[in-house]
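**Q** Could you have a look at this structure, given as structure tokens, before my questions?
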Amino acid sequence: MDSDRDVFPTHPTFSQRHGYAPLPEAMKTGQLSEDFRRELCNSLHRHVWTLVQSSPLTIPKDTLTTTGIDLVRRTLGEFREITEFSVNTSVTSVLLEVNCIVTSGSFHHVLSFLEILLRHVLEIQGKDIHHELANLIERLLKRHDAAYRLVVDRRGACWFHPCESEEHAEAIADALETLNRGEFAGAKRHLRDAAGHIDGGRHRQAVTESIHAVESVARKIDPEANKTLTPALKSLQKSGLLTHDALRKSFESLYGYTSDEQGLRHALIDSDEAAVGVDESVFMFGACASFAGYLVRKHLASAGEGSEAP
């Protein structure tokens with residue numbers, strides 16, 4: 038039975054899916070489980086920090102190599118927002134520092150640290166080690182049912198996004214891969230900002246940025262469209278790109294929600310906050326990422342640059 042647990046991932050129960058029982062800690066946005074943190078520490082030791090140890094044939098084994106010092110200086114210096122960061126050359130001291138960040142830091146500090154680390158691993162140690170580490174982190178997120186997934190674009194840039202389920206994560210990853218085309222970089226930037234707002238608890242701003250991503254794609258596809266989503270969708274439908282009237286209307290309804298709910302699209306009229314929480318912002322993030330990807334795929338198919346998804 039133990040092997041079955043390794044093969045089949047856990048899923049929320051009926052009670053959890055419908056709000057009658059709380060979700061497990063690992064599946065909540067804004068949290069990383071203790072098991073994930075512990076395994077991440079062990080994995081970082083094995084797959085990263087051992088690579089920057091010096092050879093025992095040259096200098097003491099507990100001393101960092103020149104490459105290792107450069108990696109630690111850049112990563113911890115940027116994480117701490119210190120320009121001139123001196124490094125203790127002891128591997129042991131570095132491992133203790135990483136353990137403190139991963140096991141005791143807030144969830145967003147851990148994810149920020151990993152993004153910074155991955156960027157500098159790519160710059161200093163190359164694509165192979167960067168790819169290995171990124172895949173390792175993604176496997177750990179999935180294994181522990183974390184509410185975040187790691188996206189790596191074609192240039193190797195890495196960032197985390199929230200997700201509600203494995204299916205949700207796959208749909209978002211597919212959409213973000215579609216948006217990797219240079220002309221749609223603005224839409225992807227809006228989604229990255231939306232993910233950051235979700236992590237920071239700024240859910241109203243997250244919904245706004247998510248909608249901006251769709252607007253950005255719509256304007257790129259049809260420059261004659263106005264700057265709001267509804268006219269753009271109508272223009273795309275008239276041009277034959279958006280063929281499903283029901284789909285257009287359903288997304289207009291979502292857009293109407295962001296326009297009408299107090300404070301989502303426009304400045305707050307009074308001191309009351311918009312009635313938007315993590316559930317709404319994560320849903321809109323996924324919906325907008327998927328819809329933006331759908332529009333791009335339709336556009337590329339009509340231009341003969343790729344096959345249309347079924």
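Convert by adding 37 to the 1-based position in the sequence shown; the result is the number in the numbering used here.
Where a beta carbon is used, it is the ideal one built from N, C-alpha and C, also for glycine.
Is Leu69 near Ala183, with beta carbons less than 8 angstroms apart?
**A** Taking the first residue of the sequence shown as 1, we reach residue 69 at position 32. Taking the first residue of the sequence shown as 1, we reach residue 183 at position 146. Going by C-beta atoms, Leu69 is nearer than 8 angstroms to Ala183.
**Q** Measuring straight from C-alpha to C-alpha, what distance separates Phe122 and Thr112?
**A** As a position in the sequence shown, residue 122 is number 85, starting the count at 1. As a position in the sequence shown, residue 112 is number 75, starting the count at 1. Each residue's alpha carbon lies about 10 angstroms from the other.
**Q** Straight-line CA distance for Gly114 to Pro260?
**A** What you label residue 114 is simply residue 77 of the sequence shown in a count that begins at 1. What you label residue 260 is simply residue 223 of the sequence shown in a count that begins at 1. When rounded, the distance between both Cα atoms is 43 angstroms.
**Q** Let me know the secondary structure DSSP gives Thr140 once reduced to three states.
**A** Residue numbering aside, residue 140 sits at position 103 when the sequence shown is read from its first letter. Correct three-state label for Thr140: helix.
**Q** Between Glu317 and chain B, is any beta-carbon pair separated by less than 8 angstroms?
**A** Chain labels in this structure do not include chain B; a single protein chain is all it has.
**Q** If you draw a straight line from the C-alpha of Thr120 to the C-alpha of Val333, how long is it?
**A** As a first step, residue 120 must be located in the sequence shown, where it is residue number 83. As a first step, residue 333 must be located in the sequence shown, where it is residue number 296. Cα to Cα, the separation comes out at about 40 angstroms.
**Q** From which residue to which residue does the alpha helix (DSSP H) around Leu77 run?
**A** Translated into the one-based positions of the sequence shown, residue 77 becomes position 40. Counting along the chain, the alpha helix (DSSP H) containing Leu77 begins and ends at 71-84.
**Q** Would you call the CB atoms of Val147 and Cys78 closer than 8 angstroms?
**A** Counting from 1 along the sequence shown, the entry for residue 147 is found at position 110. Counting from 1 along the sequence shown, the entry for residue 78 is found at position 41. For Val147 and Cys78, no; Cβs fall outside 8 angstroms.
**Q** When the Cα atoms are used, what is the spatial distance from Phe328 to Ala212?
**A** On the sequence shown, residue 328 is found 291 positions in, with the first residue counted as 1. On the sequence shown, residue 212 is found 175 positions in, with the first residue counted as 1. Cα to Cα, Phe328 sits roughly 8 angstroms from Ala212.
**Q** Hey, would you say Lys335 sits closer than 8 angstroms to Leu278, going by beta carbons?
**A** Taking the sequence shown and counting its residues from 1, the one referred to as residue 335 is at position 298. Taking the sequence shown and counting its residues from 1, the one referred to as residue 278 is at position 241. Their beta carbons are under 8 angstroms apart, which means Lys335 touches Leu278 by this criterion.
**Q** Roughly how many angstroms separate the alpha carbons of Met64 and Phe144, rounded to a whole number?
**A** The residue given as residue 64 occupies position 27 in the sequence shown. The residue given as residue 144 occupies position 107 in the sequence shown. Any answer about Met64 is weak, because its pLDDT of 44 lies below 50 and its placement is not dependable; what the coordinates show is given next. Distance between the alpha carbons of Met64 and Phe144 is about 13 angstroms.
**Q** Can you tell me which residues form a DSSP beta bridge with Ser22?
**A** Look at the range of the chain in this structure, 38 to 347, and you will see that residue 22 is not part of it.
**Q** With DSSP as the reference, label Pro260 as helix, strand or coil.
**A** The count along the sequence shown starts at 1 and reaches residue 260 at position 223. Looking at Pro260 - three-state DSSP - the assignment turns out to be coil, as it is neither helix nor strand.
**Q** Return the CA-CA distance between Ser247 and Ser253, expressed in angstroms with no decimal places.
**A** Here residue 247 corresponds to residue number 210 of the sequence shown, with the count starting at 1. Here residue 253 corresponds to residue number 216 of the sequence shown, with the count starting at 1. Cα to Cα, the separation comes out at about 10 angstroms.
**Q** For Val188, which of helix, strand or coil comes out of DSSP?
**A** If you number the sequence shown from 1, residue 188 lands on position 151. Reduced to three states, the DSSP call for Val188 is strand.
**Q** Given Thr126, which residues of its chain have a CB within under 7 angstroms of its CB, disregarding the five upstream and five downstream residues?
**A** Translated into positions along the sequence shown, residue 126 becomes position 89. Once the five neighbours on either side are set aside, the close Cβ partners of Thr126 are Thr100, Leu101, Ile106.
**Q** Buried or exposed, going by whether 16 or more other CB atoms sit within 10 Å of the CB of Arg176?
**A** Counting from 1 along the sequence shown, the entry for residue 176 is found at position 139. With fewer than 16 other Cβ atoms within 10 Å, it is exposed.
**Q** For His145, which of helix, strand or coil comes out of DSSP?
**A** Counted from its first residue, the sequence shown places residue 145 at position 108. Residue state, collapsed to three classes: helix.
**Q** Output needed for Ala210: all residues of its chain with C-beta closer than 8 angstroms, excluding positions within five of it in sequence on either side, in chain order.
**A** Taking the first residue of the sequence shown as position 1, residue 210 is located at position 173. Answer for Ala210: Arg186, Val188, listed in chain order.
**Q** Return the CA-CA distance between Lys164 and Gly193, expressed in angstroms with no decimal places.
**A** Against the sequence shown, residue 164 aligns to sequence position 127. Against the sequence shown, residue 193 aligns to sequence position 156. For Lys164 and Gly193, the distance between alpha carbons rounds to 8 angstroms.
**Q** Could you tell me the distance, in whole angstroms, from the CA atom of Asn172 to the CA atom of His227?
**A** For the purposes of this step, residue 172 is taken as residue 135 along the sequence shown, with counting starting at 1. For the purposes of this step, residue 227 is taken as residue 190 along the sequence shown, with counting starting at 1. Going from the Cα of Asn172 to the Cα of His227 covers about 25 angstroms.
**Q** On the DSSP letters alone, give me the boundaries of the beta strand (DSSP E) that Phe328 sits inside.
**A** Within the sequence shown, the letter at position 291 stands for residue 328. Careful: Phe328 lies outside any beta strand (DSSP E), inside the alpha helix (DSSP H) at 315-339.
**Q** Just how far apart, CA to CA, sit Asp236 and Pro199?
**A** Numbered from 1 along the sequence shown, position 199 holds the residue referred to as residue 236. Numbered from 1 along the sequence shown, position 162 holds the residue referred to as residue 199. So the two alpha carbons sit approximately 8 angstroms from each other.
**Q** For Phe197, name the three-state secondary structure that DSSP assigns.
**A** Position 160 of the sequence shown, counted from the first residue, corresponds to residue 197. Looking at Phe197 - three-state DSSP - the assignment turns out to be strand.
**Q** Assuming His373 contacts Leu154 under a Cβ cut-off of 8 angstroms, what Cβ separation, rounded to an integer in Å, is found between them?
**A** Because the chain in this structure spans residues 38 to 347, residue 373 falls outside the shown range and cannot be described.
**Q** Under 8 angstroms, do Leu108 and His157 count as touching if we go by C-beta distance?
**A** As a working note, residue 108 is residue 71 in the sequence shown. As a working note, residue 157 is residue 120 in the sequence shown. Cβ distance < 8 angstroms, so Leu108 and His157 count as in contact.
**Q** With a 10 Å radius around its C-beta and 16 neighbouring C-beta atoms as the bar for buried, classify Ala255 as buried or exposed.
**A** As a first step, residue 255 must be located in the sequence shown, where it is residue number 218. So Ala255 ends up on the buried side.
**Q** If the criterion is Cβ atoms closer than 8 angstroms, does the pair Arg74 and Val139 meet it?
**A** For the purposes of this step, residue 74 is identified with residue 37 of the sequence shown, where counting begins at 1. For the purposes of this step, residue 139 is identified with residue 102 of the sequence shown, where counting begins at 1. Yes. Within cutoff.
**Q** Starting from Gly277, follow the alpha helix (DSSP H) in both directions and report where the run begins and ends.
**A** Along the sequence shown, read from residue 1 onward, the residue named residue 277 stands at position 240. Where Gly277 is concerned, there is no enclosing alpha helix (DSSP H), given that its DSSP letter is neither H nor E.
**Q** Verify whether the separation of the beta carbon atoms of Ser318 and Val244 is less than 8 angstroms.
**A** Mapped onto the sequence shown, residue 318 falls at position 281. Mapped onto the sequence shown, residue 244 falls at position 207. Their beta carbons are under 8 angstroms apart, which means Ser318 touches Val244 by this criterion.
**Q** Between the beta-carbon of Asp72 and the beta-carbon of His181, is there less than 8 angstroms?
**A** Translated into positions along the sequence shown, residue 72 becomes position 35. Translated into positions along the sequence shown, residue 181 becomes position 144. Against a cut-off of 8 angstroms, the Cβ pair of His181 and Asp72 comes out as a contact.
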